[in-house]
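Count the sequence shown with my numbering and you get residues 16 to 781, in order. Everything below concerns the one structure shown next.
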Amino acid sequence: MLTNIPGYPRIGSQRELKKACENYWAGKISLERLELTARQLRKENWTLLQDAGIDLIPSNDFSYYDQVLDMCVTLGVIPSRFRGLQQTFANPTCPELYFAMARGYQKNNFDITALEMTKWFDTNYHYMVPEFEASQQYALHHPKCVQEFKEALSLGITTKPVLIGPVTFILSGKIKDAGVGYTQLLEKLLPAYIQLLAALQEAGAEWIQLDEPSLVTDLEPAVRELYHTAYSSIRQALPAVKILLTTYFGSLEDNTALALQLPVQALHIDLVRAPEQLDAVLSALPEDKLLSLGVVDGRNIWKNDYAISLGLIKKAIAQIGEDRLLLGTSCSLLHVPYNLEDETALDPEVKQWMAFAKQKVAEVIALQQIAAGDDSLLAENEKVMNSRKTASSIHLPEVKARIKEITTADTQRHSIFPHRQVLQHSVLQLPLFPTTTIGSFPQTTEIRQLRADLKKGIITQETYNADIRNAITETIYRQENLGLDVLVHGEFERNDMVEYFGEQLDGFVFTQNGWVQSYGTRCVKPPVIFGDVQRPEPMTVAWSRYAQSLTSKPVKGMLTGPITILQWSFVRNDQPRMQTAFQLALAIRDEVKDLEDAGITVIQVDEPALREGLPLRKSQHAEYLEEAVKAFRLAVCTVDDATQIHTHMCYAEFNDIIEHIAAMDADVITIETSRSQMELLEAFAHFRYPNETGPGVYDIHSPRVPTVAEMEALLHKAAQLLPARNIWVNPDCGLKTRKWAETEAALRNMVTAAKNARIQQLAVSF
Ligand code: GLN
Ligand code: ZN
Numbered sequence: 016m017l018t019n020i021p022g023y024p025r026i027g028s029q030r031e032l033k034k035a036c037e038n039y040w041a042g043k044i045s046l047e048r049l050e051l052t053a054r055q056l057r058k059e060n061w062t063l064l065q066d067a068g069i070d071l072i073p074s075n076d077f078s079y080y081d082q083v084l085d086m087c088v089t090l091g092v093i094p095s096r097f098r099g100l101q102q103t104f105a106n107p108t109c110p111e112l113y114f115a116m117a118r119g120y121q122k123n124n125f126d127i128t129a130l131e132m133t134k135w136f137d138t139n140y141h142y143m144v145p146e147f148e149a150s151q152q153y154a155l156h157h158p159k160c161v162q163e164f165k166e167a168l169s170l171g172i173t174t175k176p177v178l179i180g181p182v183t184f185i186l187s188g189k190i191k192d193a194g195v196g197y198t199q200l201l202e203k204l205l206p207a208y209i210q211l212l213a214a215l216q217e218a219g220a221e222w223i224q225l226d227e228p229s230l231v232t233d234l235e236p237a238v239r240e241l242y243h244t245a246y247s248s249i250r251q252a253l254p255a256v257k258i259l260l261t262t263y264f265g266s267l268e269d270n271t272a273l274a275l276q277l278p279v280q281a282l283h284i285d286l287v288r289a290p291e292q293l294d295a296v297l298s299a300l301p302e303d304k305l306l307s308l309g310v311v312d313g314r315n316i317w318k319n320d321y322a323i324s325l326g327l328i329k330k331a332i333a334q335i336g337e338d339r340l341l342l343g344t345s346c347s348l349l350h351v352p353y354n355l356e357d358e359t360a361l362d363p364e365v366k367q368w369m370a371f372a373k374q375k376v377a378e379v380i381a382l383q384q385i386a387a388g389d390d391s392l393l394a395e396n397e398k399v400m401n402s403r404k405t406a407s408s409i410h411l412p413e414v415k416a417r418i419k420e421i422t423t424a425d426t427q428r429h430s431i432f433p434h435r436q437v438l439q440h441s442v443l444q445l446p447l448f449p450t451t452t453i454g455s456f457p458q459t460t461e462i463r464q465l466r467a468d469l470k471k472g473i474i475t476q477e478t479y480n481a482d483i484r485n486a487i488t489e490t491i492y493r494q495e496n497l498g499l500d501v502l503v504h505g506e507f508e509r510n511d512m513v514e515y516f517g518e519q520l521d522g523f524v525f526t527q528n529g530w531v532q533s534y535g536t537r538c539v540k541p542p543v544i545f546g547d548v549q550r551p552e553p554m555t556v557a558w559s560r561y562a563q564s565l566t567s568k569p570v571k572g573m574l575t576g577p578i579t580i581l582q583w584s585f586v587r588n589d590q591p592r593m594q595t596a597f598q599l600a601l602a603i604r605d606e607v608k609d610l611e612d613a614g615i616t617v618i619q620v621d622e623p624a625l626r627e628g629l630p631l632r633k634s635q636h637a638e639y640l641e642e643a644v645k646a647f648r649l650a651v652c653t654v655d656d657a658t659q660i661h662t663h664m665c666y667a668e669f670n671d672i673i674e675h676i677a678a679m680d681a682d683v684i685t686i687e688t689s690r691s692q693m694e695l696l697e698a699f700a701h702f703r704y705p706n707e708t709g710p711g712v713y714d715i716h717s718p719r720v721p722t723v724a725e726m727e728a729l730l731h732k733a734a735q736l737l738p739a740r741n742i743w744v745n746p747d748c749g750l751k752t753r754k755w756a757e758t759e760a761a762l763r764n765m766v767t768a769a770k771n772a773r774i775q776q777l778a779v780s781f
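So, in structure tokens, the structure goes:
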């Protein structure tokens with residue numbers, strides 16, 4: 016049985032690539048220095064995998080920014096807006112163009128926007144969206160993957176180049192010209208793919224990995240046809256090239272027959288996400304094909320349960336024999352951190368249950384040995400797995416009991432919305448078109464410094480608290496001066512909207528160095544939920560109570576919702592994810608109750624990641640959404656009718672889940688809409704969204720100060736679509752990345768816009 020790794024992290028165990036790229040962009044290091052760092056990182060990965068004993072070692076899994084962008088530049092999928100810029104460079108494939116496509120280019124009289132960015136399947140990794148234009152000519156423009164293959168070869172390592180397969184590549188992009196269909200596009204792209212594969216073959220590549228994760232999604236018949244066309248053309252042109260068709264993140268399901276029919280030498284399947292697909296694949300696997308079993312989880316940080324993996328491996332051996340099997344991780348290890356050995360401060364009990372990329376490679380090798388009959392490694396693993404099943408740090412009987420006791424009443428407000436609305440309006444006494452913000456205010460250097468100093472022990476908790484209180488005081492006064500109606504405390508005490516809560520909840524641990532790439536040079540360090548979640552004490556009440564004591568206007572309590580905490584963490588895999596979501600919901604519910612008891616009359620529970628959790632298959636959407644909505648409702652439905660619950664969502668498509676958003680039954684939802692000129696609101700109107708809505712009237716991503724007139728125009732548009740009494744006025748999202756000057760100027764205009772709209776609305780109703 017050969018071993019196979021579909022991809023390895025590339026940012027560097029100490030985020031060397033991030034630092035090198037950012038220094039290069041800032042003009043602090045030369046291109047040569049950047050390339051040297053990149054070469055070193057590639058060499059480290061290849062050597063590590065070779066020393067571990069891996070047979071199919073990936074190359075071209077390295078990327079300066081993003082692997083989809085690499086494919087674009089490799090094949091010439093370059094939007095025409097970059098053409099002028101391209102002509103100014105001597106070398107058309109120079110990093111300047113590449114980084115311009117990634118980040119936009121505002122220099123030398125150019126003002127070119129970057130490619131769009133979106134999430135890679137159901138991960139938190141964002142890729143650059145290819146733009147296919149009719150005028151583009153595709154060919155092997157940039158031989159990056161050939162160069163990297165040769166680079167490894169010069170180190171004595173024969174690698175398996177990794178490419179995005181043609182159909183997934185097409186589906187990941189946008190066709191910019193009406194009238195051009197997938198079939199035509201594929202026809203144009205295929206010769207370039209074939210040229211690329213031929214060049215790799217010529218360079219000495221034996222196996223080539225083509226990633227086709229789209230095979231685990233719902234496919235139209237026409238798209239299935241694309242698969243047939245693509246892979247038979249490749250086979251015809253290059254009969255000798257060995258293709259490892261790689262799927263991950265789910266089950267092939269109704270695409271099983273299709274995947275097995277394609278003329279490739281080997282198929283990789285994800286048996287962590289979808290162990291149940293093994294039977295179907297084994298029973299239909301053509302005799303000339305190899306099968307790669309992805310048994311070690313590439314998406315999470317838990318140690319492999321050898322007994323479970325071995326069950327799958329043995330079944331496969333029994334049916335097709337070990338000669339036709341490969342063994343590896345479920346997907347690229349891009350989605351997990353580098354090395355658990357670097358975690359020196361982690362609770363040893365929790366650490367023993369974990370594995371990062373380097374440890375996962377060792378697990379693949381161990382499984383290979385165990386499958387070959389070496390049982391000695393099993394006992395130790397079994398001991399660790401058993402300790403996890405019974406650990407008192409993980410299993411809190413009181414939490415499990417509470418989950419069992421959840422009733423329907425716990426997920427319902429006392430009264431229906433119209434009744435609550437009357438009560439809330441009489442308690443809050445807000446004007447028509449009330450103004451508010453989404454929660455965070457500018458995180459200045461001084462504020463960041465405060466948190467850093469507290470962490471390092473440079474300042475005492477008392478000094479820190481006093482300084483944060485000062486920041487809150489100043490922010491409350493600024494909002495009063497601006498004339499905002501519902502105020503916020505500013506979230507200065509929070510580094511991150513998930514980490515802040517995780518740090519105060521039982522069941523979480525944090526790594527020092529567990530970075531994973533989110534996009535480009537941006538990395539995140541997700542919290543780890545290892546055990547039952549519970550809230551030992553209030554998390555935000557003191558800050559909210561303090562802020563409320565400064566003003567007679569309502570100050571919103573500000574919490575992160577259960578699904579967003581779940582989505583942005585590494586989640587335990589020993590119980591269904593939703594079970595963890597409900598535990599999180601109960602913890603937030605306790606906080607909501609305490610805020611209400613402390614006299615907070617408006618409480619916002621943010622769920623920006625609600626849509627991100629949507630499963631890849633449509634057939635699973637309804638179940639997910641129902642449970643996610645239930646988790647949200649469990650978190651908030653503890654309050655009196657008069658307490659106003661807000662939620663906030665942003666930067667995703669919401670049109671298709673509007674009925675579930677309505678089912679959340681928040682009294683007010685603030686939502687990003689300004690970039691699409693309120694397009695989303697039409698969906699709200701069409702659906703007759705019953706509760707109050709704050710469609711964002713300006714985009715917080717730019718320092719630009721929006722004018723009164725443009726925000727007023729958006730409000731009028733909103734008032735045509737929704738009942739005026741249901742409309743709130745607010746920015747698209749939190750303001751933490753902005754500076755105070757532009758924030759105040761923008762909010763001043765926003766308040767004026769709301770006031771103007773009020774006057775005009777009153778005139779209309781008379
Ligand atoms: N309350 C958060 C903030 O204002 C919401 C952030 C988000 O939507 N991602 O920062
Ligand atoms: Zn937001």
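In this text, a Cβ means the ideal position worked out from N, Cα and C, and glycines have one as well.
Asked: CB-CB length for residue 673 against residue 647, believed under 8 Å; Found: Actually they do not touch by this definition, with Cβ atoms about 15 Å apart.
Asked: From 153, 731, 340, 538, residue whose alpha carbon lies closest to that of residue 34; Found: 538
Asked: Terminal residues of the alpha helix (DSSP H) in which residue 181 lies; Found: 181 to 187
Asked: From 140, 410, 566, 302, residue whose alpha carbon lies closest to that of residue 338; Found: 302
Asked: Beta strand (DSSP E) segment containing residue 36, residue limits; Found: Per DSSP, residue 36 belongs to no beta strand (DSSP E); it is in the alpha helix (DSSP H), 31 to 40.
Asked: Beta-carbon contacts of residue 27 that lie in its chain and below 7 Å, excluding the five residues immediately before and after; Found: 56
Asked: Helix, strand or coil at residue 290 according to DSSP, with G and I counted as helix; Found: coil
Asked: Cutoff 8 Å; reference residue 238; Cβ partners in own chain excluding five residues on either side; Found: 182, 186, 197, 229
Asked: Residue 53 versus residue 79 - alpha carbon distance; Found: 8 Å
Asked: Residues whose Cβ lies closer than 5 Å to any heavy atom of the ligand ZN, in chain order; Found: 623, 665, 748
Asked: Spatial distance of residue 355 from residue 477 (CA atoms); Found: 35 Å
Asked: Distance between residue 209 and residue 253 (C-alpha atoms, nearest Å); Found: 8 Å
Asked: Residues sharing a beta bridge with residue 258, DSSP; Found: 223
Asked: Segment limits, beta strand (DSSP E) that includes residue 309; Found: 305 to 311
Asked: Residue 647 in three-state terms, based on DSSP; Found: helix
Asked: Beta-bridge partners of residue 744, as assigned by DSSP; Found: 450
Asked: Where the beta strand (DSSP E) containing residue 532 begins and where it ends; Found: 531 to 534
Asked: Heavy atom of the ligand GLN within 7 Å of residue 454 beta-carbon; Found: yes
Asked: Contact test: residue 506 Cβ vs the ligand GLN heavy atom, cutoff 7 Å; Found: yes
Asked: The ligand GLN heavy atom lying under 7 Å from the CB of residue 621; Found: yes
Asked: Nearest candidate by alpha-carbon position, reference residue 490, set 510, 565, 556; Found: 565
Asked: Chain-order list of residues whose beta-carbon lies under 7 Å from that of residue 378 (same chain, five-residue window excluded); Found: 311, 319, 370
Asked: The segment 733 to 748 / the segment 705 to 722 touching (three or more Cβ pairs under 8 Å); Found: yes
Asked: Three-way DSSP call (helix, strand, coil) for residue 509 in this model; Found: coil
Asked: Residue 459 versus 516, 111, 506, residue with shortest Cα-Cα distance; Found: 506
Asked: Beta-bridge pairing of residue 153 - partner residues as DSSP gives them; Found: DSSP output for residue 153 lists no bridge partner at all.
Asked: Host alpha helix (DSSP H) of residue 341 (start-end); Found: Element bounds for residue 341: not the alpha helix (DSSP H) but the beta strand (DSSP E), 340 to 344.
Asked: Residue interval of the beta strand (DSSP E) (run including residue 206); Found: Run containing residue 206: none in the beta strand (DSSP E); it sits in the alpha helix (DSSP H), 197 to 218.
Asked: Short Cβ contact (8 Å threshold) for residue 624 with residue 582; Found: yes
Asked: Option in 663, 352, 575, 497 with minimal Cα separation from residue 23; Found: 352
Asked: Endpoints, the beta strand (DSSP E) within which residue 66 is located; Found: Where residue 66 is concerned, there is no enclosing beta strand (DSSP E), although the alpha helix (DSSP H) it sits in stretches over 46 to 67.
Asked: Segments of 3+ residues assigned as beta strand (DSSP E) that fall wholly inside the segment 644 to 712; Found: 659 to 664, 683 to 686, 707 to 710
Asked: Near the ligand GLN: residue 751 beta-carbon under 7 Å from a heavy atom; Found: yes
Asked: Beta-carbon spacing of residue 194, residue 145 below 8 Å; Found: no
Asked: Assigned secondary structure, residue 725 (DSSP; H/G/I helix, E/B strand, else coil); Found: helix
Asked: Distance cut-off 7 Å: residue 141 Cβ against heavy atoms of the ligand GLN; Found: no
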